[in-house]
Amino acid sequence: MPRQFETPMFWSEEERKYLAGTDIQDRIGREDAEQEYTNVLLPVISAHPELFPVGSPHTSIDAFHLQGSRILSRSFTVPLSRFDNTPKAAEQPEDSDDEEEEDQGVVVMMPFADMLNAAYEKDNAHLFVDEEASEEFKSGVMMRSTKKITKSQQIFNTYDAPPNSELLRKYGHVDVLPLLKDITKLLKSSKVGAEWPFGNAGDEVLLSGEAIVESVAETLGEKADDKWRDDIKTRIDWWLEEGQEDAFPLGYDEEIDDGLISFARLLSNDEDWEKAQKKSKPPKPTVDGDVAAIIIKAIEQRESTYEGAIEVYQAFFLVSSTNVVLQDDIATLKASTQWSAINSPDALKSDETPVSQQRKEMAAVVKLGERRILKIASHVIKKAVKTEAAASKKRKAGSVMVGKGKKLS
Numbered sequence: 066m067p068r069q070f071e072t073p074m075f076w077s078e079e080e081r082k083y084l085a086g087t088d089i090q091d092r093i094g095r096e097d098a099e100q101e102y103t104n105v106l107l108p109v110i111s112a113h114p115e116l117f118p119v120g121s122p123h124t125s126i127d128a129f130h131l132q133g134s135r136i137l138s139r140s141f142t143v144p145l146s147r148f149d150n151t152p153k154a155a156e157q158p159e160d161s162d163d164e165e166e167e168d169q170g171v172v173v174m175m176p177f178a179d180m181l182n183a184a185y186e187k188d189n190a191h192l193f194v195d196e197e198a199s200e201e202f203k204s205g206v207m208m209r210s211t212k213k214i215t216k217s218q219q220i221f222n223t224y225d226a227p228p229n230s231e232l233l234r235k236y237g238h239v240d241v242l243p244l245l246k247d248i249t250k251l252l253k254s255s256k257v258g259a260e261w262p263f264g265n266a267g268d269e270v271l272l273s274g275e276a277i278v279e280s281v282a283e284t285l286g287e288k289a290d291d292k293w294r295d296d297i298k299t300r301i302d303w304w305l306e307e308g309q310e311d312a313f314p315l316g317y318d319e320e321i322d323d324g325l326i327s328f329a330r331l332l333s334n335d336e337d338w339e340k341a342q343k344k345s346k347p348p349k350p351t352v353d354g355d356v357a358a359i360i361i362k363a364i365e366q367r368e369s370t371y372e373g374a375i376e377v378y379q380a381f382f383l384v385s386s387t388n389v390v391l392q393d394d395i396a397t398l399k400a401s402t403q404w405s406a407i408n409s410p411d412a413l414k415s416d417e418t419p420v421s422q423q424r425k426e427m428a429a430v431v432k433l434g435e436r437r438i439l440k441i442a443s444h445v446i447k448k449a450v451k452t453e454a455a456a457s458k459k460r461k462a463g464s465v466m467v468g469k470g471k472k473l474s
C-alpha cells in the first residue's frame, strides 16, 4: 500500500489554491476529515491509552488521512449479497419488501483488482459483481478479460472514464493523452484552439443547479425578490422529487445535456412550469433565445472563477511535436516536449520546489480541460439557438403555405 499520496488532500493550503474554479476545489474534504477525527476518533483514542499508546504515529491525524486516502483510491463498492453464501431464495420470502436492504452496497478492498492500471479506452478486463457473471461462483466477485489479451500485453481494468478532476482527487495524477480527432475537430470548430492536442477525453464540468438559479435571477434583476425565491424553491423541490439531478454534466460533446435545458425552462418559463406539474413530466429540452441566454450566463460565470485567459494555458502546455505516445504522468511528458510559460499564472517561481511545481502543472491540466469544455458548451448552445430559429422559421413558412393552399381551394 502507498505510504504517500500526491492528492490535493496532502497539498499545502497555498497549493490547493491552484485548483480555484475547478470541480475538485470543494470536494477535497480535508477540513471535514479533520473535524471527524477530532470529534469522533480522538475522544475514543484518548480514553483508551492501553489500546492506543500516547504519541503513536498510527493514531495521528496524518495516519487518519493516509488510511482514508488508501480506501478512497483502492476500494470498490459491491452488493452486500455477494458475500453471503445463503441462497437468495432462502434469504427472503417472495413477498418480501426488503429489496433495498438486499441491494445494499459495501465498500471493500480487493488487492488483485487494484493491481491493474486503467487508461481511457484501453480496458480489456472488468470486475464483475453481479450474479450473472458466472454460474460457478455464487458469491464474491470475478475479474474477467473482456478482450483477447496477447502475451506481454498489459491488462487494464475498467474504471469508466473519470475526468482529470476525479483522477487527481482520488489518485493524485492526471491523464495527458493525445485527444481523439473528433475532439480536436470540436475544439477548432468552437474556436477554442487545439494547439496543445492533449488531455483527457473523459473530462467534464458539472454545472450546478444553483448556477442556473442565479443566472435566471440576474436576468430578472429586481423582479427576483423573496417571493420569486420562494416560488423557485417550490419548482426545484418538484424537480428533485421527480428524480432529476441538481447538477448537469458538460463534456466534449456537440449536444447540451437535456436535463440542463429542461431545468432552465422550468425556472424561467411559467407556462412550462404549469405544464410540467399537470403532466408530471419535465419541460421539453427545447432551446430558445431566453434559455440559451440563461445557460450561457451560467457558463460565463463559471469561467470567471478561473485565473488567467485560456490562451495562456494553451501556451503553457504547447508542445513541439504531436508524435507523443501514451503518457501516465506530466513529468514524462514534460521531459519530451518544449514548454512555454510566458506570462502564465502557473509559471515556476524561484522559491517553489519541484513537487510544488508538478502539483501546479497537474492543476493546470485540470483547469485547461474544464475551460475547454465550457468554451465548447457556450459555442454549442449558441449554435443550437440558430438551428432552432431556422427550424421555427421553416415551420412558420410551411404553415403559411398550407394556409394559402386552403384559401385557394
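Here the sequence shown is numbered in our numbering, starting from 66 and rising by one per residue. By construction, the Cβ of each residue, glycine as well, lies at the ideal position given by its N, Cα and C atoms.
Residues bridged to residue i (per DSSP)
i	result
V171	V143
P243	F263
N229	Per DSSP, none; premise fails for N229.
N182	F221
Endpoints, beta strand (DSSP E) assigned at residue i
i	result
P314	312–316
Per-residue DSSP class, three states only, for residue i
i	result
A190	strand
F177	helix
L252	helix
V430	helix
L271	strand
F221	strand
S121	coil
K332	Residue identity differs from the one stated: residue 332 is Leu in this sequence, not Lys. Helix.
K235	helix
P114	coil
P419	helix
Length of the line joining the Cα atoms of residue i and residue j
i	j	result
A190	A282	48 angstroms
G264	I248	10 angstroms
A85	Q132	26 angstroms
L145	L233	29 angstroms
G94	K288	37 angstroms
I89	D295	30 angstroms
K440	T215	41 angstroms
L271	Q219	32 angstroms
D291	Q342	22 angstroms
R367	K458	33 angstroms
I321	I360	10 angstroms
S77	V450	44 angstroms
L325	S345	17 angstroms
I126	K212	44 angstroms
S140	P176	9 angstroms
V206	E115	39 angstroms
L181	D91	29 angstroms
E79	G373	17 angstroms
Host alpha helix (DSSP H) of residue i (start-end)
i	result
L285	274–285
R92	It is not in any alpha helix (DSSP H) - R92 carries neither H nor E in the DSSP assignment.
S210	Looking at the DSSP string, S210 is not in any alpha helix (DSSP H); the run it does join, the beta strand (DSSP E), is 207–210.
A363	354–368
W482	This structure cannot speak to residue 482, because the chain is shown only from 66 to 474.
W338	335–344
P73	Counting along the chain, P73 falls outside any alpha helix (DSSP H), and DSSP gives it neither H nor E.
Neighbourhood of residue i by C-beta, 7 angstroms cutoff - its chain only, sequence neighbours within 5 removed
i	result
R330	D337, P348, V356
S210	N189, A190
N229	V239, D240, N265, D268, V430, V431, G434
V420	none
Cut-off 6 angstroms between Cβ atoms - residues of its own chain near residue i, not counting five sequence neighbours on either side
i	result
F70	S134, G237
E156	At E156 the pLDDT is 48, less than 50, meaning the model places this residue with poor confidence; the figure from the coordinates comes in the next sentence. Closer than 6 angstroms at Cβ, skipping near neighbours: no residue.
R81	P73
K362	S280
T142	G170, V172
L137	K235
F117	I110, T124
Cβ-based neighbour list, residue i, same chain, cut-off 8 angstroms, excluding 5 preceding and 5 following
i	result
T98	The displayed chain sequence assigns Ala, not Thr, to residue 98. Cβ within range, chain order: M74, F129, H130, G133.
V445	S255, D318, E319, E320, I321
F328	G274, I277, W304, Q309, F313, P347
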